[in-house]
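If you read the protein sequences in the order shown, they are chains A and B.
The first sequence begins at 2 in my numbering and counts up by one.
The second sequence begins at 2 in my numbering and counts up by one.
Think of the CB as a built atom: it goes at the ideal place given N, C-alpha and C, for glycine as much as any other residue.
Down below is the structure, laid out as structure tokens.
Number of protein chains: 2
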Amino acid sequence: MCPTRETRLRHPEILESTCSMDDSSAAVGDHDTITPTLASSVYERLRGDILRGELPPGHKLRIEFVSERYAAGGSPVREALNRLSADGLVSRRDQRGFYVASASAEDLVELTRTRCWLEEIGLRESMRAFHHDWEEGVILALHRLSRIPRSTSPEEYHENPEWERLHRAFHRSLISGCGSRWLLAFCDQLADQAYRYRQLAVQRIYPKRKEKGEHEALVQAVLARDADRAVALLTEHYRLTADIILKTGDVPGSEPARANPDRTRTGTVAARARSRSK
Amino acid sequence: MCPTRETRLRHPEILESTCSMDDSSAAVGDHDTITPTLASSVYERLRGDILRGELPPGHKLRIEFVSERYAAGGSPVREALNRLSADGLVSRRDQRGFYVASASAEDLVELTRTRCWLEEIGLRESMRAFHHDWEEGVILALHRLSRIPRSTSPEEYHENPEWERLHRAFHRSLISGCGSRWLLAFCDQLADQAYRYRQLAVQRIYPKRKEKGEHEALVQAVLARDADRAVALLTEHYRLTADIILKTGDVPGSEPARANPDRTRTGTVAARARSRSK
DNA sequence: TTCTAAAATAATATCGACAAAATGTACAAA
DNA sequence: TTTGTACATTTTGTCGATATTATTTTAGAA
Numbered sequence: 002m003c004p005t006r007e008t009r010l011r012h013p014e015i016l017e018s019t020c021s022m023d024d025s026s027a028a029v030g031d032h033d034t035i036t037p038t039l040a041s042s043v044y045e046r047l048r049g050d051i052l053r054g055e056l057p058p059g060h061k062l063r064i065e066f067v068s069e070r071y072a073a074g075g076s077p078v079r080e081a082l083n084r085l086s087a088d089g090l091v092s093r094r095d096q097r098g099f100y101v102a103s104a105s106a107e108d109l110v111e112l113t114r115t116r117c118w119l120e121e122i123g124l125r126e127s128m129r130a131f132h133h134d135w136e137e138g139v140i141l142a143l144h145r146l147s148r149i150p151r152s153t154s155p156e157e158y159h160e161n162p163e164w165e166r167l168h169r170a171f172h173r174s175l176i177s178g179c180g181s182r183w184l185l186a187f188c189d190q191l192a193d194q195a196y197r198y199r200q201l202a203v204q205r206i207y208p209k210r211k212e213k214g215e216h217e218a219l220v221q222a223v224l225a226r227d228a229d230r231a232v233a234l235l236t237e238h239y240r241l242t243a244d245i246i247l248k249t250g251d252v253p254g255s256e257p258a259r260a261n262p263d264r265t266r267t268g269t270v271a272a273r274a275r276s277r278s279k
Numbered sequence: 002m003c004p005t006r007e008t009r010l011r012h013p014e015i016l017e018s019t020c021s022m023d024d025s026s027a028a029v030g031d032h033d034t035i036t037p038t039l040a041s042s043v044y045e046r047l048r049g050d051i052l053r054g055e056l057p058p059g060h061k062l063r064i065e066f067v068s069e070r071y072a073a074g075g076s077p078v079r080e081a082l083n084r085l086s087a088d089g090l091v092s093r094r095d096q097r098g099f100y101v102a103s104a105s106a107e108d109l110v111e112l113t114r115t116r117c118w119l120e121e122i123g124l125r126e127s128m129r130a131f132h133h134d135w136e137e138g139v140i141l142a143l144h145r146l147s148r149i150p151r152s153t154s155p156e157e158y159h160e161n162p163e164w165e166r167l168h169r170a171f172h173r174s175l176i177s178g179c180g181s182r183w184l185l186a187f188c189d190q191l192a193d194q195a196y197r198y199r200q201l202a203v204q205r206i207y208p209k210r211k212e213k214g215e216h217e218a219l220v221q222a223v224l225a226r227d228a229d230r231a232v233a234l235l236t237e238h239y240r241l242t243a244d245i246i247l248k249t250g251d252v253p254g255s256e257p258a259r260a261n262p263d264r265t266r267t268g269t270v271a272a273r274a275r276s277r278s279k
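Below, the structure is given as structure tokens:
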């Protein structure tokens with residue numbers, strides 16, 4: 002219930018993406034957010050540009066730069082940046098401004114591991130609890146996904162936003178029955194991060210992967226109530242994606258590119274963590 | 002590595018709490034955050050007041066109110082509120098202001114479940130990876146905790162901030178070897194929430210619980226490398242705490258107290274989630 | 001040349017004023 | 001009474017200007 006949810010259940014879909022299907026704010030529900038604020042608009046757009054990789058990791062986000070990019074004043078920009086920093090998409094240092102969150106191969110593997118852990122819980126718990134609504138939601142999500150082409154162009158690969166949206170919705174449906182909004186919010190956050198890494202890897206090559214088959218096998222295991230198998234497939238799905246990204250070799254711009262090679266990052270981080278926890 | 006961390010690894014301790022031990026910014030490390038900003042100050046203090054329960058759930062946070070309470074202008078206050086809303090401690094609705102995140106019994110059980118899931122992973126993974134540093138950290142944390150009284154007054158219960166800090170540090174040490182900063186950050190967030198619930202339950206009665214024993218048994222299982230037993234004890238530890246809070250019966254102020262009983266909360270949330278995911 | 005220190009520049013953080021929106025109130029009509 | 005509507009008030013959200021702090025450049029000394 003309540004406000005907290007509105008804050009937590011934030012990004013079920015990738016970008017708002019032209020919002021095709023019926024946008025009827027459903028039922029009585031024109032209750033909330035009729036007039037979006039400028040800060041929220043900047044937040045959404047900036048978030049999208051970061052996820053899409055248009056703003057590369059480590060890129061400095063000067064207030065003025067963001068201001069004129071999205072045609073807004075300093076205050077809304079600042080608010081947006083502050084939200085994003087709490088989301089982990091932007092890093093902030095007092096008196097020193099904002100940067101697009103960095104990225105690295107190590108971070109990707111850590112991210113993937115964490116994601117597998119959390120989604121395993123989500124899936125297992127959904128299967129254990131088992132509601133018809135949930136099962137039907139999964140099937141429906143798979144069906145919708147299956148009817149959409151992966152790429153807008155059949156020749157070379159060109160991302161299809163609609164496919165991305167439905168793909169995300171499908172994976173979310175799998176864990177949606179876990180009964181924990183917290184877990185769902187965490188998984189959303191991790192999914193955002195993963196999406197960014199996928200965008201960062203230059204993937205002009207048409208993915209030769211049989212994703213469709215993977216999804217179908219997964220749902221088959223779900224319908225068979227074979228939790229172990231379902232989890233194994235899901236986990237493999239994520240691990241494979243990460244591996245592909247890592248193989249391409251370019252997970253760029255881990256840092257603002259400013260030179261201070263004397264102190265290793267890990268050293269700094271470790272020291273900071275230590276000094277805080279005491 | 003890098004900026005992201007500073008954003009994510011935020012609150013290892015409960016409030017900054019007079020920061021006793023050596024605050025030497027260690028080594029070369031006066032590199033970061035020398036001059037805290039007003040926005041950050043407001044953020045910390047407001048966060049503390051919410052966690053401590055001084056600002057009750059559902060309480061409206063009017064900009065002016067917060068402004069004069071912490072002697073700051075609108076801009077820094079707004080930034081702090083935006084960060085807190087992303088943290089899940091404050092709820093925000095465009096054009097309609099900020100509220101202290103609501104609380105309810107259902108939320109507490111959901112929170113506790115999630116926390117058990119995540120900490121189980123953290124602990125299991127820490128035990129599996131097993132580093133000496135980690136094990137020693139656990140032992141050290143337990144030792145420190147054991148030398149501090151639970152209450153400042155031996156007669157009636159009066160919270161000892163130092164004990165709270167060390168207690169938190171102890172639990173964090175258990176999962177600190179999991180190798181995922183994401184998981185640690187999530188657990189921190191959940192620990193914050195749990196702390197708030199503890200504070201919300203009027204607990205003037207001296208806790209008759211043998212917490213010390215529970216902690217010792219837990220570490221014993223860790224040292225014996227018995228992951229199943231350790232996890233069971235940890236989980237029981239959290240469940241028991243939640244039960245105690247629930248038994249007291251007062252988890253107050255789930256809502257801004259404004260009356261609109263026609264639409265059930267859950268209905269609203271579900272509808273919103275649905276309308277977004279399509 | 002290399003290092004240090006001070007001035008110059010640029011960027012962040014903050015305030016106060018204003019515009020836009022929501023909430024509350026008074027009053028009329030059913 | 002209840003319902004609806006125009007007005008007044010409160011509050012949020014935004015902008016532009018300014019003070020404070022970091023960064024870069026320049027000048028000077030070793």
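Nearest neighbour of residue i, chosen from the options [CA to CA]
i               : options                           : result
F187 of chain A : A:H132, A:E126 and A:T115         : A:T115
V101 of chain A : A:R63, A:H132 and A:H216          : A:R63
D227 of chain B : B:C117, B:L124, B:A81 and B:W118  : B:L124
R93 of chain A  : A:W164, A:G59, A:L201 and A:E121  : A:G59
T151 of chain B : B:K213, B:K248 and B:E137         : A small correction: the amino acid at residue 151 of chain B is Arg; Thr does not occupy that position in the sequence shown. Measuring from the Cα of R151 of chain B, the nearest candidate turns out to be B:K213.
I176 of chain A : A:D95, A:E80, A:L235 and A:S41    : A:L235
A202 of chain B : B:T249, B:E55, B:K61 and B:H159   : B:T249
I122 of chain A : A:L82, A:G180, A:P155 and A:G74   : A:G180
G138 of chain B : B:E165, B:W118, B:G178 and B:Y158 : B:G178
Q194 of chain B : B:V232, B:E217 and B:G54          : B:G54
L283 of chain A : A:E136, A:H159 and A:Y239         : Outside the displayed range of chain A (2 to 279) lies residue 283 of chain A, so it cannot be described from this structure.
P162 of chain A : A:Q200, A:Q190, A:E156 and A:D229 : A:Q200
A72 of chain A  : A:G49, A:P57, A:S42 and A:L56     : A:S42
L39 of chain B  : B:Y239, B:R166 and B:V67          : B:V67
R197 of chain A : A:E65, A:R79, A:P57 and A:G74     : A:P57
W164 of chain A : A:I149, A:A222, A:E157 and A:E156 : A:I149
Contacts that residue i makes with chain A (C-beta to C-beta distance below 7 Å)
i               : result
D88 of chain B  : A87
Q96 of chain B  : T36 and T38
N83 of chain B  : E80, N83 and R84
F187 of chain B : F187
S41 of chain B  : D95
I122 of chain B : W118
Exposure of residue i, with buried meaning 16 or more beta-carbon neighbours within 10 Å
i               : result
L185 of chain B : buried
R182 of chain B : buried
P77 of chain B  : buried
D210 of chain A : Checking the sequence shown, residue 210 of chain A turns out to be Arg, not Asp. Exposed is the call here.
Q96 of chain A  : exposed
H159 of chain A : exposed
S154 of chain B : exposed
I285 of chain B : Residue 285 of chain B is absent from the model: chain B starts at 2 and stops at 279.
E120 of chain B : buried
L47 of chain B  : buried
L141 of chain B : exposed
Q190 of chain A : buried
The alpha helix (DSSP H) enclosing residue i, as first and last residue numbers
i               : result
S147 of chain A : H133 to S147
S68 of chain B  : I64 to Y71
T115 of chain A : A106 to A130
E163 of chain A : P162 to I176
S42 of chain A  : L39 to L52
G75 of chain B  : G75 to D88
R199 of chain A : R182 to L201
Contacts of residue i in chain A (Cβ-Cβ under 8 Å)
i               : result
P57 of chain B  : Here the premise fails: no neighbours, minimum Cβ distance about 13 Å.
G180 of chain B : E111 and R114
S76 of chain B  : S76 and R79
N-terminal and C-terminal residue of the beta strand (DSSP E) that residue i is part of
i              : result
G98 of chain A : G98 to V101
R93 of chain B : V91 to R94
Chain B residues whose Cβ lies nearer than 8 Å to that of residue i
i               : result
L191 of chain A : W183
Neighbour list for residue i in chain A, Cβ cutoff strictly below 9 Å
i               : result
T113 of chain B : None at all; the shortest Cβ gap to chain A is about 10 Å.
Contacts that residue i makes with chain B (C-beta to C-beta distance below 7 Å)
i               : result
S127 of chain A : Under the 7 Å cutoff, chain B gives no residues; its nearest Cβ is about 13 Å from S127 of chain A.
Amino acids of chain B, ordered along the chain, whose beta-carbon sits closer than 9 Å to that of residue i
i               : result
E217 of chain A : What E217 of chain A touches in chain B: nothing, since even the nearest Cβ is about 21 Å away.
Would you be able to state if there are at least three C-beta pairs under 8 Å between the stretch 232–243 of chain A and the stretch 101–113 of chain A?
-> yes
Would you say the stretch 132–146 of chain A touches the stretch 166–180 of chain A, given that touching needs at least three Cβ pairs under 8 Å?
-> With the cut-off at 8 Å, the stretch 132–146 of chain A and the stretch 166–180 of chain A touch.
Does the count of Cβ pairs from the stretch 123–137 of chain B and the stretch 81–90 of chain B closer than 8 Å reach three?
-> no
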